Each structure stands twice: as C-alpha cells, then as structure tokens.
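Okay, so here's the structure we're looking at.
There are 6 protein chains.
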Amino acid sequence: MPFITVKVLEGKTPEQKRDLVKRMTAAVKESFDVDENKVFIFFENMKKEDYGKHGELYSYMDDKK
Amino acid sequence: MPFITVKVLEGKTPEQKRDLVKRMTAAVKESFDVDENKVFIFFENMKKEDYGKHGELYSYMDDKK
Amino acid sequence: MPFITVKVLEGKTPEQKRDLVKRMTAAVKESFDVDENKVFIFFENMKKEDYGKHGELYSYMDDKK
Amino acid sequence: MPFITVKVLEGKTPEQKRDLVKRMTAAVKESFDVDENKVFIFFENMKKEDYGKHGELYSYMDDKK
Amino acid sequence: MPFITVKVLEGKTPEQKRDLVKRMTAAVKESFDVDENKVFIFFENMKKEDYGKHGELYSYMDDKK
Amino acid sequence: MPFITVKVLEGKTPEQKRDLVKRMTAAVKESFDVDENKVFIFFENMKKEDYGKHGELYSYMDDKK
Numbered sequence: 001m002p003f004i005t006v007k008v009l010e011g012k013t014p015e016q017k018r019d020l021v022k023r024m025t026a027a028v029k030e031s032f033d034v035d036e037n038k039v040f041i042f043f044e045n046m047k048k049e050d051y052g053k054h055g056e057l058y059s060y061m062d063d064k065k
Numbered sequence: 001m002p003f004i005t006v007k008v009l010e011g012k013t014p015e016q017k018r019d020l021v022k023r024m025t026a027a028v029k030e031s032f033d034v035d036e037n038k039v040f041i042f043f044e045n046m047k048k049e050d051y052g053k054h055g056e057l058y059s060y061m062d063d064k065k
Numbered sequence: 001m002p003f004i005t006v007k008v009l010e011g012k013t014p015e016q017k018r019d020l021v022k023r024m025t026a027a028v029k030e031s032f033d034v035d036e037n038k039v040f041i042f043f044e045n046m047k048k049e050d051y052g053k054h055g056e057l058y059s060y061m062d063d064k065k
Numbered sequence: 001m002p003f004i005t006v007k008v009l010e011g012k013t014p015e016q017k018r019d020l021v022k023r024m025t026a027a028v029k030e031s032f033d034v035d036e037n038k039v040f041i042f043f044e045n046m047k048k049e050d051y052g053k054h055g056e057l058y059s060y061m062d063d064k065k
Numbered sequence: 001m002p003f004i005t006v007k008v009l010e011g012k013t014p015e016q017k018r019d020l021v022k023r024m025t026a027a028v029k030e031s032f033d034v035d036e037n038k039v040f041i042f043f044e045n046m047k048k049e050d051y052g053k054h055g056e057l058y059s060y061m062d063d064k065k
Numbered sequence: 001m002p003f004i005t006v007k008v009l010e011g012k013t014p015e016q017k018r019d020l021v022k023r024m025t026a027a028v029k030e031s032f033d034v035d036e037n038k039v040f041i042f043f044e045n046m047k048k049e050d051y052g053k054h055g056e057l058y059s060y061m062d063d064k065k
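Chains as they are written, first to last, in full-length UniProt numbering: chain L, 1 to 65; chain Z, 1 to 65; chain H, 1 to 65; chain A, 1 to 65; chain S, 1 to 65; chain V, 1 to 65.
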C-alpha cells in the first residue's frame with residue numbers, strides 16, 4: 001500500500017519508467033511514511049486512438065497540426 | 001473533469017471511437033454543465049479471452065454457438 | 001459491454017447522473033451499434049482533497065482564488 | 001454485479017483464465033449470494049516493464065537474479 | 001500479483017467480504033499457481049445512484065418495481 | 001497526461017496528499033519530460049474492511065495482532 005496506476009500515452013521507454021518508479025517510490029516514502037517494499041506501481045500505456053479530449057480523438061488531432 | 005474510461009471488446013474502429021468521443025463529450029456538457037475542454041475519455045480494448053461472464057470465458061462462448 | 005466509469009468531483013445530483021446515463025447509453029448505441037441493455041455505467045465521486053492537478057491539491061486551489 | 005478486474009503479469013493461458021472465471025464466479029455466488037449471470041470478470045495483462053515494486057521496475061529485477 | 005478489484009453495490013457485510021477474500025485467494029492459487037501472499041483484493045462499494053444500466057440509473061429502477 | 005491513481009488505506013491527511021501531489025508531479029516532470037499542467041492525480045481511499053491480502057481481510061488482521 002499504496003497501489004499506484006500511471007495511465008500514459010504509449011512510447012515511454014523502460015528506462016524512463018524505471019526512473020519514475022524510483023522517484024515515485026521515494027516520494028511516497030517521504031509523504032506517506034511507508035516502507036518502499038509496500039509501494040506497487042502499474043503502467044497503462046494508451047494508444048493515441050484510444051485517448052479523447054476536448055471532444056476529439058487524439059490521433060485525429062495530429063492531422064490538424 | 002470528468003475522466004471517463006470505456007472498457008470495450010477490441011475491434012471498434014477509430015472512426016467509431018471518434019464518433020463516441022464527440023457524442024459523449026456533448027452528453028457530459030449537457031448533463032453536467034461542464035466545458036468540453038474538461039472532458040477526458042480513455043478507451044480500454046479487451047480481447048475475448050480476457051473477458052468472463054456467466055461463469056465462462058467469452059472466447060469459449062463462441063465455440064458453443 | 002461496454003463498461004463505462006465516470007470519475008467526477010462529488011456534488012452531481014442523482015437527476016444529473018440519470019440524465020447522463022440516458023444520453024451516454026444512447027451515444028454508445030449510436031456509435032458502437034450495441035443494445036442499450038449491454039451498457040453499464042459506474043460513477044466514482046471524488047472529493048476536492050483527493051484530486052491533484054498542476055502540482056497542487058484541488059482543495060488548496062480554492063484558498064488561492 | 002459484481003464487476004471484477006484481475007490485473008496480472010502477462011503469460012497466463014486462456015485455459016488458466018477460463019478455470020479462474022469458473023472458480024471466481026462460484027466463489028462470488030457462495031459469498032455474496034448472487035446469480036452467476038450477474039458476475040463479470042475482466043483480465044488486464046501487464047508486461048514486466050510496466051510493473052514496479054520495491055522501488056524497481058520488475059523487468060530489471062530479472063537481470064539481478 | 002494478481003491485484004483484484006471487486007466493484008459491487010454497497011451493503012455486503014465484512015463477513016461476506018472476508019469469506020470472498022478466502023475463496024478468491026484459494027481460486028487464484030489453484031488456477032494461476034501463485035502463492036497466497038501474492039494475492040491482493042480491493043473492494044469498491046457503489047451506491048445505487050452511482051450505477052447505471054439499460055439506460056437508467058439503478059436507484060430509479062427501484063421506484064418502477 | 002499522465003493520469004495517476006493512488007489507491008491507499010484511508011487516513012492520510014490533506015497535507016500528506018498535498019505533499020505527495022507536489023513530489024509526484026515533479027517526479028513525472030523529471031522522468032517523462034512533461035509539463036506540470038498535464039499531470040492529474042486521483043486518490044482512492046480504502047477502508048480496512050475493503051482490503052484483502054494473504055487470504056484475509058485487513059480489518060480482521062488487526063484482531064490477530
């Protein structure tokens with residue numbers, strides 16, 4: 001505890017995720033005073049065509065740029 | 001706000017998702033009186049062998065039809 | 001199918017949620033061509049002190065306004 | 001109802017998932033006294049490089065073994 | 001691993017939940033051959049006015065019965 | 001993007017959550033090189049009787065200690 005889910009656009013590298021796991025675990029340890037062994041982190045990678053905001057699908061937004 | 005997650009069997013096209021993002025965002029704007037720019041939608045695509053109902057895995061249900 | 005989760009700040013009335021369920025179900029029926037009886041919607045109500053954005057907890061943002 | 005999400009490392013076979021759907025549905029029927037037709041189960045398969053625990057990304061843990 | 005979320009209408013007692021945790025953990029152990037200490041279960045209790053199906057909010061369905 | 005959900009036992013104070021939002025947002029900015037304004041964090045507070053691990057409901061574990 002806690003269990004942390006990070007929903008992000010696909011494309012982040014394992015190294016970036018590794019770095020974030022280290023930093024996030026340290027942040028939780030500091031803020032919530034819990035042991036590092038109790039922090040679980042799950043990444044959920046989202047494709048552009050599975051992400052909608054401002055009434056539009058993100059993959060279509062690229063076309064407009 | 002709000003953040004909407006749509007968990008659906010894989011196979012919906014980007015066009016169908018784009019259409020739903022438009023309709024859903026308009027629905028939220030009407031019902032919740034929030035600005036379109038505050039509505040975020042995430043699609044989660046599920047394989048048949050990752051979906052169970054009525055005590056059976058959906059991918060096995062096809063065999064029985 | 002689909003299963004839809006709407007994460008929103010607490011305070012929306014049952015009437016607003018009822019209205020959104022109607023509109024959302026109709027939107028899914030149109031966009032995904034699925035039967036109304038297959039659409040499930042879950043609301044998750046979030047307190048201001050459980051929502052962080054732009055590096056700040058939302059409940060603290062009010063103080064600054 | 002209920003709606004059950006099982007987040008697990010990728011690699012479980014359809015047969016294992018089918019077996020778990022049967023057992024889980026029976027367990028819910030026993031414990032919650034609900035009809036089997038009301039139990040929905042979703043599997044979410046996670047890659048090793050999307051799972052962090054104890055301050056480390058799981059895919060890097062293999063290298064240390 | 002795995003991490004299991006059970007979304008259910010509020011009202012189940014701690015004893016019912018305790019019984020389901022025991023049965024579910026045993027089911028996962030059998031089906032996925034994982035150690036009991038690796039199974040985590042989270043209950044999410046939903047109010048009737050936060051659950052919509054078949055185009056209607058569940059709390060309004062009671063009125064129609 | 002990203003959208004981060006933190007599922008934790010209830011009891012953390014708004015100040016602790018505020019501190020974690022600051023640290024987590026900074027961590028994401030560093031690791032993923034994204035702007036602070038794009039990071040959203042949701043806390044989900046869990047009661048002891050809604051959390052099961054090692055085949056037991058957490059609220060019952062206290063009794064055994």
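Glycine included, C-beta positions come from ideal geometry on N, C-alpha and C.
On a predicted model such as this, the values are computed, not experimentally measured, just so you know.
Per the DSSP calculation, residue 8 of chain V is bridged to which residue(s)?
Note: residue 8 of chain V sits in a beta bridge opposite V/45.
Does the region 17-35 of chain A come into contact with the region 8-24 of chain L, if we say contact requires no fewer than three beta-carbon pairs (one atom in each stretch) closer than 8 Å?
Between the region 17-35 of chain A and the region 8-24 of chain L, the count of Cβ pairs shorter than 8 Å is below three; the stretches do not touch.
So with CB distances below 8 Å, who are the chain S contacts of residue 59 of chain V?
Chain S residues near residue 59 of chain V: 14.
If you pair each beta-carbon of the region 37-45 of chain S with each one of the region 36-52 of chain V, do three or more pairs fall below 8 Å?
Yes, the region 37-45 of chain S touches the region 36-52 of chain V.
Output needed in chain order: residues of the region 4-31 of chain Z with a Cβ under 7 Å from some Cβ in chain H.
Per Cβ criterion, the list reads 4, 5, 6, 7, 8, 9, 12, 16, 19, 20, 23, 24, 27, 28, 30, 31.
Spatial neighbours of residue 21 of chain S within its chain, please: C-beta separation below 6 Å, excluding the five flanking residues on both sides.
Excluding sequence positions up to five before and after residue 21 of chain S, its CB lies within less than 6 Å of the CB of 41, all in the same chain and listed in chain order.
Close-in-space but distant-in-sequence residues of the same chain around residue 3 of chain H (CB under 6 Å, 5 per side omitted)
The answer, listed in chain order, is 40.
Enclosing alpha helix (DSSP H) for residue 38 of chain H [first to last residue]
Here residue 38 of chain H belongs to no alpha helix (DSSP H), and DSSP marks it neither H nor E.
If we ignore side chains and look at the alpha-carbon of each, how far apart do residue 1 of chain A and residue 8 of chain A end up?
Straight-line Cα distance between these residues: approximately 21 Å.
How about residue 56 of chain V: is its C-beta nearer than 8 Å to some C-beta of chain H?
No, because no Cβ of chain H sits closer than 8 Å to the Cβ of residue 56 of chain V.
Between the Cα of residue 35 of chain Z and those of L/34, L/54, L/5, spot the shortest distance and give me the residue it belongs to.
By alpha-carbon distance to residue 35 of chain Z, the top candidate from L/34, L/54, L/5 is L/54.
Under 7 Å from the C-beta of residue 36 of chain S: neighbouring residues of chain V
Here the neighbours are 54, 55.
Take residue 5 of chain S and list the residues in its own chain whose beta-carbon comes closer than 7 Å to its own, dropping the five residues that flank it on each side.
Here the set comprises 42, 44.
With 8 Å as the threshold, decide whether the Cβ of residue 33 of chain S is near any Cβ in chain H.
Interface annotation, residue 33 of chain S: not in contact with chain H, CB-CB separation never under 8 Å.
Cα separation between residue 82 of chain Z and residue 18 of chain Z?
Beyond the ends of chain Z as shown, which are 1 and 65, falls residue 82 of chain Z; an answer cannot be given.
Nearest by alpha-carbon distance to residue 57 of chain H: which of V/56, V/37, V/57 is it?
Checked all of V/56, V/37, V/57; the closest Cα to residue 57 of chain H is V/37.
What residues in its chain sit with their C-beta under 6 Å from that of residue 59 of chain L, if we drop five residues either side in the sequence?
The answer, listed in chain order, is 48, 49.
Looking only at DSSP bridge pairs, what is residue 52 of chain S linked to?
H/41, S/57, per the DSSP bridge assignment.
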